[in-house]
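Notes for the one structure printed next.
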Amino acid sequence: MRAVVFCGVSISFEEARSHLDAVMLPPVKRGDIPRLLRGEEQPEYIGIVDGMFYQRAAVGHREILDAMRRGIRVYGAASMGALRASELHPYGMRGVGRIFRCYVEGDIESDEEVALVFDPERYTPLSVPHVNVRYALKAALREGLIDEVQRRELLALSASIYYPERTYELLIRRGVEEGVIDVEDEHRLVEFLSQPRLDLKRLDAIEMLERMRADMGVIG
Numbered sequence: 001m002r003a004v005v006f007c008g009v010s011i012s013f014e015e016a017r018s019h020l021d022a023v024m025l026p027p028v029k030r031g032d033i034p035r036l037l038r039g040e041e042q043p044e045y046i047g048i049v050d051g052m053f054y055q056r057a058a059v060g061h062r063e064i065l066d067a068m069r070r071g072i073r074v075y076g077a078a079s080m081g082a083l084r085a086s087e088l089h090p091y092g093m094r095g096v097g098r099i100f101r102c103y104v105e106g107d108i109e110s111d112e113e114v115a116l117v118f119d120p121e122r123y124t125p126l127s128v129p130h131v132n133v134r135y136a137l138k139a140a141l142r143e144g145l146i147d148e149v150q151r152r153e154l155l156a157l158s159a160s161i162y163y164p165e166r167t168y169e170l171l172i173r174r175g176v177e178e179g180v181i182d183v184e185d186e187h188r189l190v191e192f193l194s195q196p197r198l199d200l201k202r203l204d205a206i207e208m209l210e211r212m213r214a215d216m217g218v219i220g
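The letter at position 36 of the sequence shown is residue 36 when you use the UniProt record's numbering, and the numbering goes up by one with no holes.
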């Protein structure tokens, strides 16, 4: 067991395996890493993408630090991984991706930027994190689907929606109700924003897996 990755929500196990040959585990919670370290075969690399926020106790800083003290390389990106990496990169945790950089540079601060709800059995996302909305709205602006005023107003609407309820359908419907978006543009904008290529958490997860793959010296 050379590498272990906690994921499943930001990126599916199947897609994650297409980027890195590793043991894929569900979103990390407190106690998972110590339990892993007590096993007969310890990993050389740990990647953290997804983790529990409000459902269960979150992975602790000391748990990650203990793993690194044992010489294990720990990476973080996209969601809980980006949060913990932004806090622990001075101590050796390897942060990857735009979301990690946004936390480090202070562009975003709240845990709720990356929070969402997901199906507890399939790990399928049931809501959209605010950080993804930020990224997708910038893309819509570049494509000329909205202007800067609309982008800012939609971003404010997104922030006002409780994170378990936030979806692109609800956001754009609110935009129509508030007069930010014309009703004839509603369906097209929802389709655009929902594209996998605009899922920033997924993109950052892929970047982390590829970084781990390179650091592990995997070729081809």
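Backbone N, C-alpha and C fix where the C-beta goes; we use that ideal spot for every residue, glycine too. Being a predicted model, the structure only gives us computed values, none of them experimental.
Item                                                                                                                           : Value
Under the three-state reduction of DSSP, which class applies to Leu200: helix, strand or coil?                                 : helix
Is it buried or exposed for Tyr75, if we count other Cβ within 10 angstroms and need 16 for buried?                            : buried
Closest by CA to Met68, which one among Leu36, Tyr91, Ser12?                                                                   : Tyr91
For Ile206, which of helix, strand or coil comes out of DSSP?                                                                  : helix
In the DSSP assignment, find the unbroken alpha helix (DSSP H) run with Leu157 in it and report its ends.                      : 148 to 160
Among the candidates Ile64, Ser194, Tyr162, whose CA atom is the shortest distance from the CA of Glu169?                      : Ser194
Can you tell me whether Tyr103 is buried or exposed, with buried defined as 16 or more other CB within 10 angstroms of its CB? : buried
Roughly how many angstroms lie between the CA atoms of Leu116 and Ser79, to the nearest whole one?                             : 10 Å
Report the option in Glu177, Arg73, Arg152 whose CA atom is closest to the CA atom of Met208.                                  : Arg73
Does the separation of the CB atoms of Val133 and Gly81 fall below 7 Å?                                                        : no
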